[in-house]
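Numbering (the numbering used here), first residue to last: 121 to 456.
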């Protein structure tokens, strides 16, 4: 047992997965309880000709529920491997990658940032092209203030670099890949954000993102999510998914998504959570956490199935322009 329940739960999932899983420790983070591993777990077909999905969580140490959602999904996959012939067949044509606990040091300390005081989601070498909100958009003043990006010219933090290395190795270089990064803390609605966070103009694959949104609406018709570009809410410096999208090789379709769970709803139901830093970002009460885990697993399953069947819905030829126009009308009519 460690001092971090999420790490214990992840290691139980790894043990249960046995030889189905390829497991590595990408880096180790010093703490007062010893070094904490940053795990990357993969399963399925490693051939670069098949599509891939990456599931990420725990980038911000205060947002424990994001890590728990990803770990719960890993447990579900591992449990199904014992009996689900359809899943086994699907994994012959699909690669799954998990990094459920990117920032174990921050989670152990109960801080958004890592133990060095750096906000990992402001740590990439990407500067916003338009004004960002003070502090929250990323700052280089001091690690003692929130949303610290790191020093100018410094290398990326080990945890950020580990995430980027896994994405570049496992997701980049394929014909198609999706990433889903699970967070909490923004508003009273669950949101699915996609790049860019550093500028208001659309990503190059906006037609493909709109096509994904379209099948999402058709498949999960009563879902609770707002699906939109992050730039519709605010801009930031240093977003890891902007950085990784920009680094994706030409010729592939890479669609990064961020699940931003609306934690203000939990606070409204239990206002006492305002007096706890963790309570602002997490359900707090056991039955509410169980409800959150149930609520989001269909989304994680949808992402896996969308990647596996991308050849059936990904627009090509004239359809790309039609999707691009619809995306422009839906998401960017507000752009200044």
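Note that the Cβ used here is the ideal one computed from N, Cα and C, for glycine as well. Note that this is a predicted model, so its numbers are computed, not measured.
Where residue i falls: helix, strand or coil (DSSP)
| i | result |
| --- | --- |
| residue 306 | coil |
| residue 143 | strand |
| residue 381 | strand |
| residue 401 | coil |
| residue 301 | strand |
| residue 276 | coil |
| residue 121 | coil |
| residue 98 | What is shown of the chain runs 121 to 456, which leaves residue 98 out entirely. |
| residue 148 | strand |
| residue 237 | coil |
| residue 190 | helix |
| residue 358 | coil |
| residue 156 | strand |
| residue 422 | helix |
| residue 182 | coil |
| residue 138 | helix |
| residue 332 | helix |
| residue 164 | strand |
| residue 226 | helix |
| residue 195 | helix |
| residue 286 | helix |
| residue 339 | helix |
| residue 203 | coil |
| residue 247 | coil |
| residue 353 | coil |
| residue 318 | coil |
| residue 431 | helix |
| residue 133 | helix |
| residue 457 | Residue coverage of the chain in this structure runs from 121 to 456, which leaves residue 457 outside it and unanswerable. |
| residue 326 | helix |
| residue 453 | coil |
Local Cβ density within 10 Å of residue i, reported as buried at 16 or more and exposed below that
| i | result |
| --- | --- |
| residue 311 | buried |
| residue 276 | buried |
| residue 362 | buried |
| residue 171 | buried |
| residue 325 | buried |
| residue 336 | buried |
| residue 313 | buried |
| residue 145 | exposed |
| residue 454 | exposed |
| residue 438 | exposed |
| residue 100 | Nothing about residue 100 can be read from this structure; the chain reaches only from 121 to 456. |
| residue 193 | buried |
| residue 432 | exposed |
| residue 418 | exposed |
| residue 155 | exposed |
| residue 369 | exposed |
| residue 273 | exposed |
| residue 323 | buried |
| residue 227 | buried |
Supposed close pair residue i, residue j - CB separation, criterion 8 Å
| i | j | result |
| --- | --- | --- |
| residue 327 | residue 447 | 7 Å |
| residue 258 | residue 237 | So it is not a contact: roughly 13 Å between Cβ atoms. |
| residue 375 | residue 241 | No, residue 375 and residue 241 are not in contact; Cβ-Cβ is about 18 Å, not under 8 Å. |
| residue 427 | residue 298 | 5 Å |
| residue 443 | residue 330 | 4 Å |
| residue 137 | residue 198 | 4 Å |
| residue 224 | residue 163 | Incorrect: roughly 21 Å between the Cβ atoms, too far for contact. |
| residue 402 | residue 184 | 5 Å |
| residue 294 | residue 381 | 28 Å between Cβ atoms; not a contact. |
| residue 420 | residue 175 | 7 Å |
| residue 208 | residue 201 | 7 Å |
| residue 148 | residue 181 | Residue 148 to residue 181, Cβ: 16 Å. No contact. |
| residue 243 | residue 211 | About 32 Å; that fails the 8 Å criterion. |
| residue 379 | residue 303 | 7 Å |
| residue 151 | residue 235 | 7 Å |
| residue 161 | residue 143 | 5 Å |
| residue 412 | residue 279 | Going by Cβ atoms, the distance from residue 412 to residue 279 rounds to 24 Å, so no, they are not a contact pair. |
Identity of the residues DSSP links to residue i by a beta bridge
| i | result |
| --- | --- |
| residue 365 | According to DSSP, which records beta bridges pairwise, residue 365 is partnered with nothing at all. |
| residue 345 | 310 |
| residue 373 | 296 |
| residue 173 | 216 and 298 |
| residue 268 | 259 |
Below-9 Å beta-carbon distance, residue i vs any chain B residue
| i | result |
| --- | --- |
| residue 324 | Protein chain content of the structure displayed is limited to a single chain, and chain B is not contained in it. |
Closer than 8 Å is the cut-off here; do at least three beta carbon pairs connect the segment 176–191 with the segment 123–139? yes
Would you say the segment 247–258 touches the segment 347–363, given that touching needs at least three Cβ pairs under 8 Å? yes
Counting Cβ pairs closer than 8 Å, one from the segment 209–224 and one from the segment 279–295, do we hit at least three? yes
Using 8 Å as the Cβ pair cut-off and three pairs as the minimum, do the segment 344–353 and the segment 265–273 touch? no
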